[in-house]
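J.: Here it is, the structure in full.
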Amino acid sequence: MTTDAASTSPSVVLIDANHAARLVLERLLADEGVQVQSFADGADALQALADGRPIDLVLVSRHLPDMGAVGVLRRLRALPGRAVVPVILITGDADELRRMHALEGGFTDVLLRDRPDRLQPYLRALLQRFGTQQRARILLVEDSATVAATTTEALAPLGVEVVAVGEAATALARLEAEPFDLVIIDVVLPGPLTGLGLLSALRSRRDELAELPVLAYSGYDERARRIEMLRRGANDYLSKPIDADELRARAGNLVRYWRLLQQVRRQYAELARVAVTDALTGLYNRHMLDDLGQRYVHRAWRTGEPLTVMMLDLDYFKNINDQYGHDRGDEVLRAAAQRLQQQVRPDDLLVRFGGEEFALLMPRLGMDDVAAQAERLRTAVAAAPLAGLPVTVSVGVCVWTPPAERARREDGFAAEALRQLLKCADRALYHAKHNGRNCAEIVPVTDPLAQPVIDNTGA
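If you're matching positions, the sequence shown starts at 1 in full-length UniProt numbering and goes up one per residue.
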């Protein structure tokens with residue numbers, strides 16, 4: 001059983017006897033893409049609100065010609081389906097005590113008439129919540145078709161998509177195959193896997209499903225059962241018969257919680273990516289080199305396989321900046337990074353080391369093949385202009401072949417070994433520059449912690 005979300009804009013009822021003020025608020029609401037129904041008195045507004053159409057927010061002035069705002073609020077709460085609609089009081093009275101009385105009396109918030117700008121951020125937050133719910137998918141696990149239909153109907157005003165299944169095993173399969181934002185579980189379900197079992201199965205997983213919000217409900221309103229469901233990991237609990245307003249409020253809160261959690265995770269992932277990425281070239285930066293580089297060293301020592309470290313420096317790059325400007329120099333760096341990236345293997349680590357210098361770690365590449373690979377990189381850069389300019393590169397190469405007999409190394413070995421391998425490659429790069437540039441200098445080492453001897457044989 002599935003209900004599709006309606007693609008409608010948020011709907012707001014505005015009740016204000018002040019014609020000029022009403023026009024200002026109508027314009028602000030329209031700018032936010034909101035559907036507005038305006039009324040000058042409480043009776044007409046309540047009559048419209050009684051028709052059952054979805055309403056997301058009510059704005060009401062303190063003083064109306066036929067009743068006060070408190071009277072509107074009380075009558076509104078008595079209408080079917082209007083018990084939890086947010087109601088904001090509009091007033092010109094900035095008295096803090098009266099504001100607190102209004103909030104204690106049931107108003108969601110108080111908006112000062114001389115501060116309509118406060119409405120903008122409030123509406124944006126409302127629209128965000130509304131949009132989140134419109135896109136949400138809820139999995140309802142209920143064996144009774146009648147209860148499932150009733151629950152789905154109760155959730156309809158949220159604009160969510162509800163998928164109903166009758167067994168826990170089916171629910172688990174759907175959760176593994178499709179994305180959902182909330183699971184509503186009946187505690188008592190037929191089959192070998194009960195609602196409690198489904199909850200335990202979810203919370204014991206090691207993937208994202210382990211944190212998916214779960215709203216449990218049951219016809220048995222027992223304290224021990226509620227506590228057990230919460231202990232097993234349910235985020236919330238309801239007892240049958242379910243109150244539709246309470247169900248919508250709790251489900252909406254859990255959907256918002258899940259979407260906010262997802263947003264925080266995306267932001268964290270983006271921050272993590274930015275922290276290890278060079279903004280100009282899109283390559284990894286030295287932070288990633290320090291982290292992954294040590295892993296490459298550990299793996300080489302553990303397996304005995306060679307590890308090659310290269311330093312590549314664009315020749316006469318300062319002249320490019322001086323003659324063509326730094327913007328053109330940046331274009332050359334981006335083009336060089338892309339050219340080099342096309343020549344490396346998937347498990348090689350290419351980073352921008354700094355300025356016009358790049359570092360490259362190539363696992364399992366030994367002395368037999370390193371000269372050809374260094375030459376391939378050198379000729380790739382020189383083969384065609386970079387950003388319209390002829391550019392060459394000098395390459396310093398350090399090839400580490402771990403010894404056949406390898407004892408356990410002390411803590412800190414990988415960090416120091418990486419540092420020395422980079423220094424070795426940098427010294428080789430210096431000799432490549434000294435030997436005329438646009439060439440490669442290769443140095444083999446067996447112990448990265450010992451000072452290598454530079455072999456001036458160009459490759």
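A virtual CB, placed ideally from N, CA and C, is assigned to each residue, including glycine.
(1) Measuring alpha carbon to alpha carbon, tell me which of 330, 48, 19 and 43 ends up nearest residue 12.
(2) Within the continuous alpha helix (DSSP H) that includes residue 405, where are the two ends?
(3) Whose CA, out of 347, 192 and 354, lies closest to the CA of residue 330?
(4) Buried or exposed for residue 455, please, with buried defined as at least 16 other CB atoms from any protein chain shown within 10 angstroms of its CB.
(5) Could you give the first and the last residue of the continuous beta strand (DSSP E) run that contains residue 236?
(6) Please go through the UniProt domain "Response regulatory" (11-128) and give each complete beta strand (DSSP E) segment of 3 or more residues, from N-terminal end onward.
(7) Quick check: the segment 143-162 against the segment 198-208, are there 3 or more CB pairs under 8 Å?
(8) What residues in its chain sit with their C-beta under 8 Å from that of residue 17, if we drop five residues either side in the sequence?
(9) For residue 262, which of 285, 180 and 219 has the nearest alpha-carbon?
(10) What's the gap between the Cα of residue 460 and the Cα of residue 45?
(11) Taking the beta strand (DSSP E) that residue 180 falls in, what are its first and last residues?
(12) Just how far apart, CA to CA, sit residue 417 and residue 403?
(13) Let's test the definition: count the other Cβ atoms within 10 Å of the Cβ of residue 230 and tell me whether it reaches 16, buried, or not, exposed.
(14) Give the secondary structure of residue 224 by DSSP, where H, G and I count as helix, E and B as strand, and everything else as coil.
(15) Return the bridge partner residues of residue 217 from the DSSP annotation.
(16) Determine the burial state of residue 293: buried for a count of at least 16 other Cβ atoms within 10 Å of its Cβ, exposed for fewer.
(17) Between the Cα of residue 280 and those of 148, 352 and 136, spot the shortest distance and give me the residue it belongs to.
(18) Put residue 313 into one of helix, strand or coil per three-state DSSP.
(19) Measuring alpha carbon to alpha carbon, tell me which of 86, 171 and 153 ends up nearest residue 190.
(20) Where does residue 359 sit, in a helix, a strand or coil, going by DSSP?
(21) Looking at the structure shown, is residue 439 part of a helix, part of a strand, or coil, going by DSSP?
(22) Is the CB-CB distance between residue 474 and residue 340 below 8 Å?
(23) For a test of the three-state rule: what should DSSP assign to residue 414, helix, strand or coil?
(24) Rounded to whole angstroms, what's the CA-CA distance from residue 215 to residue 188? Just pull it up for me.
(25) Between residue 450 and chain D, is the shortest Cβ-Cβ distance under 8 Å, so that the two count as touching?
(26) Would you tell me roughly how many angstroms separate the C-alpha atoms of residue 146 and residue 185, rounded to the nearest one?
(27) Could you pull out every residue in the same chain whose Cβ sits closer than 8 Å to the Cβ of residue 9, ignoring the five residues on either side in sequence?
(28) Since I believe residue 73 is in contact with residue 14 (beta carbons under 8 Å), could you give me their beta-carbon distance rounded to a whole number of angstroms?
(29) With distance defined between alpha-carbon atoms, name the residue in 77, 82, 93 and 94 nearest to residue 105.
(30) Quick check on residue 325: does DSSP put it in helix, strand or coil?
(31) Per DSSP, which one or two residues make a beta bridge with residue 161?
(32) CA-CA distance, residue 457 and residue 315?
T.: By the coordinates alone:
(1) 48
(2) Element bounds for residue 405: n/a, residue is neither H nor E.
(3) 354
(4) Residue placement at residue 455 is flagged as unreliable, the pLDDT there being 49, under the threshold of 50; the coordinate-derived value follows with that caveat. By the 10 Å Cβ count, residue 455 comes out exposed.
(5) 236-239
(6) 11-15, 35-39, 57-61, 87-91 and 109-112
(7) no
(8) 40, 41, 61, 63, 64 and 65
(9) 180
(10) The shown model of the chain, from 1 to 459, leaves out residue 460, and the question about it has no answer.
(11) Note, residue 180: premise wrong, no beta strand (DSSP E); not H, not E.
(12) 14 Å
(13) exposed
(14) helix
(15) 186 and 238
(16) buried
(17) 352
(18) strand
(19) 171
(20) strand
(21) coil
(22) Here the chain comprises residues numbered 1 to 459, so residue 474 is not present and cannot be evaluated.
(23) helix
(24) 14 Å
(25) Going by chain labels, chain D is absent from the structure shown, which holds only one protein chain.
(26) 15 Å
(27) 33, 34 and 35
(28) In fact, because the Cβ distance is near 15 Å, the residues do not count as touching under 8 Å.
(29) 77
(30) coil
(31) 137
(32) Caution is warranted here: a pLDDT of 43 is assigned to residue 457, below 50, making its placement in the model unreliable, and the coordinate value is therefore given only provisionally. Taking the straight line from one Cα to the other gives about 20 Å.
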